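S.K.:
Number of protein chains: 4
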Amino acid sequence: MKYIDINCDMGESFGAYTIGMDKEVISHITSANIACGFHAGDPMVLRRTVRLASENGVGAGAHPGFPDLLGFGRRKMECTPDEIENYVIYQTGAIRAFCNAEGIALQHVKPHGGLYNMAAENEKLIETIAKAIARVDRNLIMVCLAGQNARRFREIVENAGIQVVFEAFPDRAYTPEGTLVSRSKPGAVIYDPEAVAERALMMAAKGMIEAEDGSMLTLEADTLCVHGDTPDAVDLVRNIRETLEANDITVVPMAEIISLKQGKKAL
Amino acid sequence: MKYIDINCDMGESFGAYTIGMDKEVISHITSANIACGFHAGDPMVLRRTVRLASENGVGAGAHPGFPDLLGFGRRKMECTPDEIENYVIYQTGAIRAFCNAEGIALQHVKPHGGLYNMAAENEKLIETIAKAIARVDRNLIMVCLAGQNARRFREIVENAGIQVVFEAFPDRAYTPEGTLVSRSKPGAVIYDPEAVAERALMMAAKGMIEAEDGSMLTLEADTLCVHGDTPDAVDLVRNIRETLEANDITVVPMAEIISLKQGKKAL
Amino acid sequence: MKYIDINCDMGESFGAYTIGMDKEVISHITSANIACGFHAGDPMVLRRTVRLASENGVGAGAHPGFPDLLGFGRRKMECTPDEIENYVIYQTGAIRAFCNAEGIALQHVKPHGGLYNMAAENEKLIETIAKAIARVDRNLIMVCLAGQNARRFREIVENAGIQVVFEAFPDRAYTPEGTLVSRSKPGAVIYDPEAVAERALMMAAKGMIEAEDGSMLTLEADTLCVHGDTPDAVDLVRNIRETLEANDITVVPMAEIISLKQGKKAL
Amino acid sequence: MKYIDINCDMGESFGAYTIGMDKEVISHITSANIACGFHAGDPMVLRRTVRLASENGVGAGAHPGFPDLLGFGRRKMECTPDEIENYVIYQTGAIRAFCNAEGIALQHVKPHGGLYNMAAENEKLIETIAKAIARVDRNLIMVCLAGQNARRFREIVENAGIQVVFEAFPDRAYTPEGTLVSRSKPGAVIYDPEAVAERALMMAAKGMIEAEDGSMLTLEADTLCVHGDTPDAVDLVRNIRETLEANDITVVPMAEIISLKQGKKAL
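Protein chains in written order, with the numbering used here: chain C, 9 to 275; chain Y, 9 to 275; chain R, 9 to 275; chain X, 9 to 275.
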């Protein structure tokens, strides 16, 4: 039996501003990466997003980013490791309190935007973030980019004392080396819903994906990243989930995937 | 044997900006109210302030305020109860994660500035804040203003499921009714170090204080609020502590005072 | 011949966040109140909104608010007159530089949200704001609420050295005394497009409006405030403008209305 | 007769936070680079700093930085040219309004911190900033780093339609190529007051400076950058000015230096 998680960024609204169709997409996903107030999100949004996750049995995760609301956390910022460590601790703690308030456990931490992109190419930064997470709560799972660096990232995160899962992007093209094709290149994002659902299935069922040059690439992913910001995006997520389930893939929160794997190991 | 706590606002620096002589005052106090990043403080400051408290055996507390760095949280803001609840949860969670990182328990929550002042006159707001704290962690203590409303505040906070302590201000004049004389009035703040130390002793030893009209006022305080923003202020705190200890008052963190009281009740 | 201005809040987006259908509504209005970065708006949004106004022959105005992005400037804040003065100078200067960059003159200043509401009931605040505006540029026009206090407000603003225009709200109910019915009361906001257009016409053509008790109220307005945040709102604005023009009301920016009035006086 | 300007960063306080001894240093300098609210400064601070400059006959300048109060604008941020252009326009406009309010002209613009450092190595960024300044006010002067790139920077800034002045740092070591020795290297900052004053004199009197390897370097500077954040720094500035004046260097605001140069050209 095959298992996969579907994760989606949520809770990105701020004050009077709305981003994301959280209520529409929540029923199709199993893990939510919730903005923590630095690049998006605010205390009111955090509360209702954590509650939404709780009500839908979706794993609630922190989505910490750079302190740059104006840039939505997408811009790289020249921060020291100490700054990053403390930014992650702060944001993880903030959302964790809302999980306490709603009676659920915080499930995971996935860096956002510029921080995620910087970490995907920087082992030292992965280590900094993993240690920050471990200092807050050893039960938290860290989400890293599947592909080229996965083996090394696993080592670093597990050494820090927490579990790791790897995510893949069904709507993104991959190089034959297993890295994401830069968004600045044509074909980097795949828009055809059928193609995306098929790629999701290949990732979940085979642990493989077709790279941009047509070669087949091994890509072991525990969770698939999807988007929920437009009605079309929500349809696409529904389609992915239906396709997975129609092909006997069980879609569950990443914490269950970790448990299942640990169960297997224990046998 | 008499016990009292001495609490002081700390961790109010921000980025390149410094407020407070935290390192100098820490050895003279027993509880620190640490800014949480809304009206003051930032992740780096939080980390080092929580560590400073830990290293000095000082109880670490959250000092949540309005989201108004420009006004240092002193300005009243028209917020809904839901907003205040979630602002308190957010800030309490943020600092609590730094306590996790430093291996100590968060001890208490004391509202800051405009929020404190609004709460001191508003039972509904006390209830909102107490419930927010309880939702994060039932072991937290809430600090309220001693005096006129103490009995009612105790009821509200304990009903919310957490412990309460009351604080008095040795350097502030009191009305005969047991409220603070407004800072806008002459004589509202007492600057003479000997007078302040003597008032602190009277509060700690007798549970009384001389009001502005010369009458004696009953004022049951568990903790005395002091300041650490100037060298003179630090001297004043040292003097208060020495005076208390020279008069057989034991100065301990508020959590111990709660324990001692509960121990007495249990007997 | 009758003249009226139609003003609308614009430029309220921020970073990745969008509020308002500025491009859709711009062709139906004659004056734009543009957020200046405190409660909404940012440098990128300011630039493109000022340009949009310029390209459409719409008078560009500053819409200064409280420094409270989280509350969208709607919450009352306890600020000193000096603070308000300097907040208005700062924001007016910021947008004025974008007008310089786009080669147009800044036309007017209209306080936003909580600041507007506080000023509508406070002559001292009107004076503070008017003086702040005058200190930046004597050619600027200040927008005040038409009705009960208009005569007194005119005196104050003109004494400060600048021109004043008064605005009415075609979609809001009025008390017989000429104040806005509080939004918390039923019937405070009028949603029927035909009724709103008719009220706009009565305001523009007769300088009168039917109050909530059915009595007729004199309400001299130079400009009508409309909204552009939803497709329905944009339709409503188009309908207002068409109704006005079909009834021989000429819709022009408020600066022209001032000029026309001054021309009349000069004759 | 020789002329030089002395410029100093000012107005870097924020809300309850103080940085800089502005009142002490103001009498020793001739141009003030005033923070505009993005990396430091706020509307209250801007008002009193512009007034302080005005009262002391000191040229008031904008000191625009990245929108990063937490990092004091020192961290590099990945911004687009459009973003930088609009950040500069916004901040320049904000301070210009305070100059209007105080009845003086804004004299110059000097980028701050990370933005300055990025611009010092990037012609394209110099052009972006120069054009932004020119769009606000053609009478403004842009301050650039003297040395290696000065000739090219002059070309770019003058092509944008505004005047340029070059600044040197008497307390910083220079490479033989005329660039600043990185602060991370030993000896990068010179602390000896006599040495700093002597270097200032050599810069002002000879247009030369001794590089770190002992070689003499031509360095044509119109303005010397000094600091005013500590009592020692203020003493150092006083000493620099006295040394310059004792050696017949006339210390004047940079606008006068531009005028004097243009006068010479005109002859």
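Ideal placement from N, C-alpha and C gives every residue a C-beta, glycine not left out.
Given the structure is predicted, the values throughout are model-derived calculations rather than measurements.
CB Y:M97 to CB C:A105, shorter than 7 Å?
M.R.: Working through the second sequence from its first residue, we reach residue 97 of chain Y at position 89. Working through the first sequence from its first residue, we reach residue 105 of chain C at position 97. It should be noted that the sequence gives Ile, not Met, for residue 97 of chain Y. It is a contact, given that the beta carbons lie within the stated cut-off.
S.K.: With distances taken from CA atoms, which of X:E129, X:N247, X:E202, X:Q115 is nearest X:S267?
M.R.: Start at 1 with the first residue of the fourth sequence, and residue 267 of chain X comes out as number 259. The shortest Cα separation from X:S267 among X:E129, X:N247, X:E202, X:Q115 belongs to X:Q115.
S.K.: How many angstroms separate the CA atom of Y:F177 from the CA atom of Y:T238?
M.R.: As a first step, residue 177 of chain Y is located in the second sequence; it is residue number 169 there, counting from the start. As a first step, residue 238 of chain Y is located in the second sequence; it is residue number 230 there, counting from the start. Approximately 17 Å between the Cα atoms of the pair.
S.K.: I'd like to check one pair, X:A70 with X:V33: are the Cβ atoms closer than 7 Å?
M.R.: Your numbering for residue 33 of chain X matches position 25 in the fourth sequence. Your numbering for residue 70 of chain X matches position 62 in the fourth sequence. Result no, Cβ atoms of X:V33 and X:A70 do not sit closer than 7 Å.
S.K.: Look at the alpha carbon of R:A24 and the alpha carbon of Y:G271, and state the distance between them as a whole number of angstroms.
M.R.: Within the third sequence, numbered from 1, the residue matching residue 24 of chain R stands at position 16. Within the second sequence, numbered from 1, the residue matching residue 271 of chain Y stands at position 263. C-alpha separation (whole angstroms): 55 Å.
S.K.: What is the DSSP secondary structure of R:Q99, counted as helix, strand or coil?
M.R.: For the purposes of this step, residue 99 of chain R is taken as the residue at position 91 of the third sequence. Note: R:Q99 maps to helix in three-state DSSP.
S.K.: Can you tell which of Y:N130, Y:H120, Y:L252, Y:N15 has the C-alpha that lies nearest to the C-alpha of Y:K214?
M.R.: Looking up residue 214 of chain Y in the second sequence gives position 206. The shortest Cα separation from Y:K214 among Y:N130, Y:H120, Y:L252, Y:N15 belongs to Y:L252.
S.K.: Distance, Cα to Cα, C:D145 vs Y:R59?
M.R.: Start at 1 with the first residue of the first sequence, and residue 145 of chain C comes out as number 137. Start at 1 with the first residue of the second sequence, and residue 59 of chain Y comes out as number 51. Each residue's alpha carbon lies about 18 Å from the other.
S.K.: According to DSSP, what are the bridge partners of R:A140?
M.R.: Here residue 140 of chain R is taken as the residue at index 132 of the third sequence, counted from 1. BP columns for R:A140 are empty, so no partner.
S.K.: Which partner residues does C:D276 have in the DSSP bridge list?
M.R.: Residue 276 of chain C is absent from the model: chain C starts at 9 and stops at 275.
S.K.: By Cβ distance, which residues of its chain are closer than 7 Å to C:A205, with the 5 residues on each side in sequence left out?
M.R.: By 1-based counting over the first sequence, the position of residue 205 of chain C is 197. Once the five neighbours on either side are set aside, the close Cβ partners of C:A205 are N247, I248, T251.
S.K.: At a CB distance below 7 Å, what residues from the stretch 49-80 of chain R approach chain C? Give them in sequence order.
M.R.: Correct list: D50, L77, L78, G79, F80.
S.K.: How far does the beta strand (DSSP E) with X:F174 in it reach, from first residue to last?
M.R.: In the fourth sequence, counting from the first residue as 1, residue 174 of chain X sits at position 166. Segment 171-176, the beta strand (DSSP E) holding X:F174.
S.K.: Taking only beta-carbon atoms, is R:A154 less than 7 Å away from chain X?
M.R.: Within the third sequence, numbered from 1, the residue matching residue 154 of chain R stands at position 146. False, the Cβ-Cβ gap to chain X never drops below 7 Å.
S.K.: Y:F8 to R:N255, Cα distance in whole Å?
M.R.: Examination of residue 8 of chain Y is not possible in this model, given that chain Y is present from 9 through 275 alone.
S.K.: Classify Y:T136 as buried or exposed, calling it buried when 16 or more other Cβ atoms lie within 10 Å of its own Cβ.
M.R.: Position 128 of the second sequence, counting from 1, holds the residue named residue 136 of chain Y. Burial call: buried.
S.K.: State the CB to CB distance for the pair R:M18 and R:A40, rounded to an integer number of angstroms; the pair is presumed to be in contact (CB under 8 Å).
M.R.: Here residue 18 of chain R refers to the residue found at position 10 of the third sequence. Here residue 40 of chain R refers to the residue found at position 32 of the third sequence. At roughly 4 Å, the Cβ-Cβ gap stays under 8 Å, so R:M18 and R:A40 are in contact.
S.K.: For R:G111 and Y:Q99, I'd like the C-alpha separation in whole angstroms.
M.R.: Numbered from 1 along the third sequence, position 103 holds the residue referred to as residue 111 of chain R. Numbered from 1 along the second sequence, position 91 holds the residue referred to as residue 99 of chain Y. So the alpha carbons of these two residues sit roughly 45 Å apart.
S.K.: What are the uninterrupted segments assigned as beta strand (DSSP E) that are 3 or more residues long and contained completely in the stretch 224-254 of chain Y, given in chain order?
M.R.: As far as the stretch 224-254 of chain Y is concerned, its whole beta strand (DSSP E) runs of at least 3 residues are 224-226, 231-234.
S.K.: Alpha carbon to alpha carbon, what distance is there between X:C107 and X:A113?
M.R.: For the purposes of this step, residue 113 of chain X is identified with residue 105 of the fourth sequence, where counting begins at 1. For the purposes of this step, residue 107 of chain X is identified with residue 99 of the fourth sequence, where counting begins at 1. Taking the straight line joining both Cα atoms gives about 6 Å.
S.K.: Which residues in chain X have a C-beta closer than 9 Å to the C-beta of C:R191? List them in chain order.
M.R.: The residue you call residue 191 of chain C lines up with position 183 of the first sequence. Within 9 Å Cβ-Cβ: nothing; C:R191 doesn't reach chain X, min ~14 Å.
S.K.: List the residues of chain C whose Cβ lies closer than 9 Å to the Cβ of R:F46, in chain order.
M.R.: Reading the third sequence from its first residue, position 38 is the one you call residue 46 of chain R. Those within 9 Å of R:F46 in chain C number zero; the least Cβ separation is about 13 Å.
S.K.: Identify every run of the alpha helix (DSSP H) within the stretch 108-158 of chain Y, keeping only runs that are complete inside it and at least 4 residues long; order them along the chain.
M.R.: For the stretch 108-158 of chain Y, whole alpha helix (DSSP H) runs of length 4 or above, ordered along the chain, are 121-128, 131-144.
S.K.: Would you be able to state if there are at least three C-beta pairs under 8 Å between the stretch 196-212 of chain R and the stretch 223-232 of chain R?
M.R.: The stretch 223-232 of chain R is in contact with the stretch 196-212 of chain R.
S.K.: Which residues does DSSP pair with Y:G69 in a beta bridge?
M.R.: Residue 69 of chain Y sits at position 61 when you count from the first residue of the second sequence. According to DSSP, Y:G69 bridges with Y:N41, Y:H116.
S.K.: X:I12 bridges to which residues according to DSSP?
M.R.: On the fourth sequence, residue 12 of chain X is found 4 positions in, with the first residue counted as 1. The partner list for X:I12 (beta bridge, DSSP) reads X:V259.
S.K.: Run the CB neighbour count on R:G195, radius 10 Å, all protein chains shown included, and call it buried at 16 or more, exposed below.
M.R.: Mapped onto the third sequence, residue 195 of chain R falls at position 187. Flag for R:G195 reads exposed.
S.K.: Under the three-state reduction of DSSP, which class applies to R:E202: helix, strand or coil?
M.R.: Reading the third sequence from its first residue, position 194 is the one you call residue 202 of chain R. Here R:E202 sits in helix by DSSP.
S.K.: State the Cα-Cα distance for the pair R:V53 and R:T26, rounded to the nearest angstrom.
M.R.: Reading the third sequence from its first residue, position 45 is the one you call residue 53 of chain R. Reading the third sequence from its first residue, position 18 is the one you call residue 26 of chain R. Each residue's Cα considered, the two are about 10 Å apart.
S.K.: Which same chain residues, not among the five before or five after Y:K139, have their C-beta less than 6 Å away from its C-beta?
M.R.: For this step, residue 139 of chain Y is matched to residue 131 along the second sequence. Excluding residues within five positions, the ones whose Cβ falls inside 6 Å are A168.
S.K.: Looking only at its own chain, which residues have a Cβ that is under 7 Å from the Cβ of X:G101, when we skip the five neighbours before and after it?
M.R.: One-based indexing of the fourth sequence puts residue 101 of chain X at position 93. Cβ within range, chain order: V144.
S.K.: From the DSSP secondary-structure annotation, give me the bridge partner or partners of X:R180.
M.R.: Taking the first residue of the fourth sequence as position 1, residue 180 of chain X is located at position 172. BP columns for X:R180 point to X:V197.
S.K.: Could you check the C-alpha separation between C:M126 and C:V189 for me, to the nearest Å?
M.R.: For this step, residue 126 of chain C is matched to residue 118 along the first sequence. For this step, residue 189 of chain C is matched to residue 181 along the first sequence. The straight-line gap from Cα to Cα measures roughly 15 Å.
S.K.: Pick from X:E86, X:K193, X:R82: whose alpha carbon is nearest that of C:R83?
M.R.: Translated into the one-based positions of the first sequence, residue 83 of chain C becomes position 75. Checking every option, the nearest Cα to that of C:R83 belongs to X:E86.
S.K.: Of the choices X:Q171, X:I134, X:A142, X:K132, whose alpha-carbon is the least far from that of R:A109?
M.R.: Locating residue 109 of chain R in the third sequence gives position 101, where the first residue counts as 1. Nearest of X:Q171, X:I134, X:A142, X:K132 to R:A109, Cα basis: X:A142.
S.K.: For a quick check, are the C-beta atoms of R:C44 and R:G236 less than 7 Å apart?
M.R.: On the third sequence, position 36 is the one that residue 44 of chain R refers to. On the third sequence, position 228 is the one that residue 236 of chain R refers to. Not closer than 7 Å, so no.
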